[in-house]
Ligand code: C5P
């Protein structure tokens, strides 16, 4: 049996450049892995794909990205129909949260299946399968921060950013998820957010090499325009984090997770306490060290 951790990410920047003829959006994004993980186990067994999951809200059929990744792999690797796999997914990462939890699960499934069946596919083929499953899945085939372009599937891995060494992220999820297709569709009503100027990602990456104070104001997410309009609570989280002196705050991906960047862990813990005192809600929260991926 193979056991794998499946991590998630935040977008330090998500700059949408325009809508493409294929319906997707051209973008540049700076992705940072987080050591906050779901767990998956894989076992060769039976003739089919049998998926189970700790979270009853998730489908366990071909609507689940894990199932689709396993199915795509078996097909691409020409595994005979007499061979199958049993997979269990233990969720910890919140759903529809902008953290790429499901995408990470799919990427880990591709890697684990390849391992389980003796590496029939080269990394380039796995990257191709990942891109066909979803826009940010290829990112999770590697474990580093990255610049992603195209619709998010073209990945340039980067070293962990020196300016973030020793910093922490406080993540807060309000208890409701946001549909990614909905968030992208809404951009049609926000022309400035739909047509960002290219180059912001390169500028942020360059500043993150040396200068956190200069980099922090460059954190940016085009999808905040529609999402914060519809969900003012997320705007309130950001206002609060700014008042409390967070180094930066931003919504991740299409939301609903908001993160605050702080210095040492004690500062993130204090911020969390203040957040709970102020909002008094049943929030999902996590504190993650930025540099350990
Ligand atoms: O590729 P993925 O399945 O993650 O994307 C979910 C949805 O988000 C797409 O169907 C599309 O509506 C939107 N999207 C987009 N442009 C991107 C990525 C996603 O319009 N670059």
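In the working numbering, the protein residues as written are 9 to 301. Here a beta-carbon is modelled for each residue, glycine too, at the ideal position from N, C-alpha and C. All values reported here derive from a predicted model rather than from experimental measurement.
According to DSSP, residues forming a beta bridge with residue i
i	result
residue 45	Residue 45 pairs with nothing; no bridge assigned.
residue 89	Residue 89 is not bridged to any residue.
residue 94	51, 58
residue 228	21
residue 319	Outside the displayed span of the chain (9 to 301) sits residue 319, for which this structure offers no information.
residue 164	155
residue 38	21, 155
residue 127	For residue 127, which the question treats as bridged, DSSP gives no partner whatsoever.
residue 270	176
residue 26	34
residue 292	181
Residue i at chain B interface by Cβ criterion, 7 Å
i	result
residue 17	The question asks about chain B, but that chain is absent: this structure has only one protein chain.
Straight-line gap, residue i to residue j (C-alpha atoms, nearest Å)
i	j	result
residue 47	residue 26	36 Å
residue 9	residue 103	26 Å
residue 154	residue 137	19 Å
residue 123	residue 50	10 Å
residue 119	residue 106	22 Å
residue 302	residue 209	Nothing about residue 302 can be reported from this structure: the residues present for the chain run from 9 to 301 only.
residue 206	residue 114	29 Å
residue 156	residue 275	30 Å
residue 301	residue 76	Here residue 301 scores only 47 on pLDDT, less than 50, and its place in the model should not be relied on; the value that follows carries that caveat. Spanning the two alpha carbons is a distance of roughly 26 Å.
residue 71	residue 16	20 Å
residue 96	residue 270	35 Å
residue 134	residue 213	27 Å
residue 267	residue 99	20 Å
residue 278	residue 147	32 Å
residue 94	residue 66	17 Å
residue 225	residue 211	11 Å
residue 174	residue 273	8 Å
residue 83	residue 241	44 Å
residue 80	residue 74	10 Å
residue 164	residue 132	14 Å
residue 299	residue 167	10 Å
Exposure of residue i, with buried meaning 16 or more beta-carbon neighbours within 10 Å
i	result
residue 262	buried
residue 44	buried
residue 86	exposed
residue 289	exposed
residue 14	buried
residue 182	buried
residue 248	buried
residue 245	buried
residue 90	exposed
residue 184	exposed
residue 232	buried
residue 230	buried
residue 189	exposed
residue 170	exposed
residue 221	exposed
residue 199	exposed
residue 110	buried
residue 78	buried
residue 31	exposed
residue 264	buried
residue 234	buried
residue 54	exposed
residue 29	exposed
residue 151	exposed
residue 260	buried
Integer-rounded CB distance, given that residue j should sit under 8 Å from residue i
i	j	result
residue 18	residue 149	Residue 18 to residue 149, Cβ: 18 Å. No contact.
residue 60	residue 68	6 Å
residue 258	residue 287	With 8 Å as the limit, residue 258 and residue 287 do not qualify as a contact, their Cβ atoms being about 18 Å apart.
residue 20	residue 40	6 Å
residue 256	residue 179	In fact, because the Cβ distance is near 13 Å, the residues do not count as touching under 8 Å.
How do the segment 123-137 and the segment 27-45 stand: do at least 3 beta-carbon pairs fall below 8 Å, yes or no?
no
When the Cβ atoms of the segment 208-220 are set against those of the segment 273-292, are three or more pairs found closer than 8 Å?
Short answer: they don't touch.
Using 8 Å as the threshold, is the segment 192-202 in touch with the segment 246-261, meaning 3 or more CB pairs across them?
no
Taking 8 Å as the cut-off, does the segment 138-145 touch the segment 160-168 (at least 3 CB pairs, one atom from each stretch)?
yes
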